[in-house]
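In our numbering, the protein residues as written are 272 to 466.
Backbone N, C-alpha and C fix where the C-beta goes; we use that ideal spot for every residue, glycine too.
Have a look at this one:
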């Protein structure tokens, strides 16, 4: 049921009055200007998390996508819903927008020109993993940070923040200072804005 809430994303493909959309999940923090993504082709995205989970390699992550809305694409995605749902539930897996998109674009993994680096969609705790893999040297190389999961730095409560720290430490194992720097940067920015 958690992923069912993401199905609204399919609707962005129907916004044909717009030439191009750079879609970001609402739990992402932009750390660098990404306006240049409007020059990228339709369905540019990353396979975020593939370093830690090799089975994700080549699988589109819909957290950040460049979309050129078209009616035929939207209708095609709608026609894939039932097929994607059946495949996922048959294997007792969750179901969401990403599964529909993967079903509609089965060859995305082979379209290398559409693959954005993970720095455009670095998931919670993965900054340290990117550093360990020598993809980045500093948190300042990350363009967009994605606070995946139900805990967000803007949620109140000490338990929420402890869980974020534990996820950072668990996922990164080493070099977790990258993710902690991003967390501190966010907190400092919000304090300056008095939010």
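Could you say which of the options lies nearest to residue i if we only look at CA atoms?
| i | options | result |
| --- | --- | --- |
| residue 411 | 453, 400, 342, 321 | 453 |
| residue 293 | 278, 312, 399, 279 | 312 |
| residue 310 | 438, 337, 383 | 337 |
| residue 286 | 352, 334, 345 | 345 |
| residue 403 | 438, 355, 322 | 322 |
| residue 348 | 463, 464, 281 | 281 |
| residue 390 | 291, 405, 378, 283 | 405 |
Are residue i and residue j closer than 9 Å when you measure CB to CB?
| i | j | result |
| --- | --- | --- |
| residue 392 | residue 299 | yes |
| residue 414 | residue 302 | yes |
| residue 320 | residue 416 | no |
| residue 370 | residue 361 | no |
| residue 279 | residue 368 | yes |
| residue 399 | residue 449 | yes |
| residue 331 | residue 372 | yes |
| residue 441 | residue 431 | no |
Label residue i either buried or exposed according to how many other C-beta atoms from any shown protein chain fall within 10 Å of its C-beta, with 16 as the threshold for buried.
| i | result |
| --- | --- |
| residue 306 | exposed |
| residue 364 | exposed |
So what does DSSP say about residue i, is it helix, strand or coil?
| i | result |
| --- | --- |
| residue 265 | What is shown of the chain runs 272 to 466, which leaves residue 265 out entirely. |
| residue 415 | strand |
| residue 300 | strand |
| residue 332 | strand |
| residue 294 | strand |
| residue 344 | helix |
For residue i, which residues from the same chain have a beta carbon less than 6 Å from its beta carbon, with the 5 sequence-adjacent residues on both sides left out?
| i | result |
| --- | --- |
| residue 385 | 314, 315 |
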